[in-house]
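Peer 1:
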DNA sequence: TCTAGTATCTCTAGTGACTAGAGGTTCAAG
DNA sequence: CTTGAACCTCTAGTCACTAGAGATACTAGA
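Protein chains in written order, with this note's numbering: chain A, 68 to 205; chain B, 68 to 205.
1) Whose C-alpha, out of A:172, A:153 and A:112, is nearest the C-alpha of residue 123 of chain B?
2) Is there contact here, the region 185 to 200 of chain A with the region 130 to 147 of chain B, by at least three beta-carbon pairs under 8 Å?
3) Does any C-beta atom of chain B lie closer than 7 Å to the C-beta of residue 155 of chain A?
4) CA-CA distance, residue 161 of chain A and residue 168 of chain B?
5) At the level of alpha carbons, what is the spacing between residue 185 of chain B and residue 182 of chain A?
6) With the cut-off set at 7 Å, would you say residue 191 of chain B and residue 152 of chain A are in Cβ contact?
7) Does any C-beta atom of chain B lie closer than 7 Å to the C-beta of residue 136 of chain A?
8) Quick one: Cα of residue 179 of chain A to Cα of residue 164 of chain A, how far?
9) Using the DSSP secondary-structure output, state which residues sit across from residue 99 of chain A in a beta bridge.
10) List the residues of chain A that residue 163 of chain B touches, going by C-beta distances under 8 Å, in chain order.
11) Just checking: is the beta-carbon of residue 148 of chain B within a distance shorter than 7 Å of some beta-carbon in chain A?
12) Between the C-alpha atoms of residue 96 of chain B and residue 89 of chain B, what's the straight-line distance to the nearest angstrom?
13) Please list, in chain order, the chain B residues whose beta carbon lies closer than 8 Å to that of residue 186 of chain A.
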């Protein structure tokens, strides 16, 4: 059994975040000492690691909730879990696509001005003001 | 002179968002009719287009504030503007890098399970529970 | 056993960039 | 002059935390 600080150190999840996850129902309510402090065991550590890993991969709290629900019912079909992962993957791909367009546009803008002139002639500012200067949608 | 609804239509920025930008100081306080409704002119339209374009490119409200400040002083050096653009570009590149790692990991996970088994054997859930199963950092 | 210092507790409020809704007023067309 | 859409302000909610206040608990050393 270890304290919330110890759990925090081991999982690299900040203490207030752990409490927040408990409040959101991702973590079961922890056991308490006589002085009302939380105490965790291996199961708690594993669950928090799971949550942290999923968050790192960009899953929402809601999605993680569903994943945990599935984890707690090992006999149920895991279709929902793969669905969530696949949809998360689609999401990530969409974001990458969008960011690549931004990258192109920002690169073009930055190259257009060396920063040594005055605002009036700045290509960065001109590009922002006039969308026509952009090469493509973004 | 046109109404906030008209401005919204022309810029594709929602009405409450326009009011929000005004509150945040991005847009100057609009003139009002005798009945207290906002009225905009070409300058207002252009400024909002600028803001919208910058937001589309992922600039923060704070960054846009600085850019507008520079725009309002055409005689000043535009170094700060290019700095902002370059840092935004670095930010976007960083995000792309990170998302690509996630994409790889999520692809691997999704491929590992067809969704037809039970949760207990689900590779998606197993991967989330055990970081060791991942190929690389993310 | 006492004490000092760190860790923990709960609660409230703030972040960014909006979005939603209530309840009331103004505008423009017919 | 009426009707209905558009507008007004204000408050609160979103997501996933983060920060801070003020109080209590734990733990290591004297």
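The beta carbon of each residue, even a glycine, is placed where N, CA and C say it ideally should be.
This structure is a prediction, so every number in the text was calculated from the model and none was measured.
Peer 2: Per the coordinate set shown:
1) The residue labelled residue 123 of chain B in the question sits at position 56 within the second chain. Checked all of A:172, A:153 and A:112; the closest Cα to residue 123 of chain B is A:172.
2) Contact holds: three or more Cβ-Cβ distances are below 8 Å.
3) Position 88 of the first chain holds residue 155 of chain A. Closer than 7 Å to some Cβ of chain B, the Cβ of residue 155 of chain A qualifies, so yes.
4) On the first chain, position 94 is the one that residue 161 of chain A refers to. On the second chain, position 101 is the one that residue 168 of chain B refers to. Cα to Cα, residue 161 of chain A sits roughly 14 Å from residue 168 of chain B.
5) Within the second chain, numbered from 1, the residue matching residue 185 of chain B stands at position 118. Within the first chain, numbered from 1, the residue matching residue 182 of chain A stands at position 115. When rounded, the distance between both Cα atoms is 59 Å.
6) Taking the second chain and counting its residues from 1, the one referred to as residue 191 of chain B is at position 124. Taking the first chain and counting its residues from 1, the one referred to as residue 152 of chain A is at position 85. Yes, they are a contact pair.
7) For the purposes of this step, residue 136 of chain A is taken as residue 69 along the first chain, with counting starting at 1. Not an interface residue.
8) If you number the first chain from 1, residue 179 of chain A lands on position 112. If you number the first chain from 1, residue 164 of chain A lands on position 97. For residue 179 of chain A and residue 164 of chain A, the distance between alpha carbons rounds to 23 Å.
9) Taking the first residue of the first chain as position 1, residue 99 of chain A is located at position 32. Bridge partners of residue 99 of chain A: A:105.
10) One-based indexing of the second chain puts residue 163 of chain B at position 96. The answer, in chain order, is 163, 166, 167 and 170.
11) Counting from 1 along the second chain, the entry for residue 148 of chain B is found at position 81. Yes, its Cβ sits closer than 7 Å to a Cβ of chain A.
12) For the purposes of this step, residue 96 of chain B is taken as the residue at position 29 of the second chain. For the purposes of this step, residue 89 of chain B is taken as the residue at position 22 of the second chain. Rounded to whole angstroms, residue 96 of chain B to residue 89 of chain B spans 6 Å at the Cα level.
13) Taking the first chain and counting its residues from 1, the one referred to as residue 186 of chain A is at position 119. Residues of chain B passing the Cβ test: 137, 138, 140, 141, 142, 143, 144, 145 and 148.
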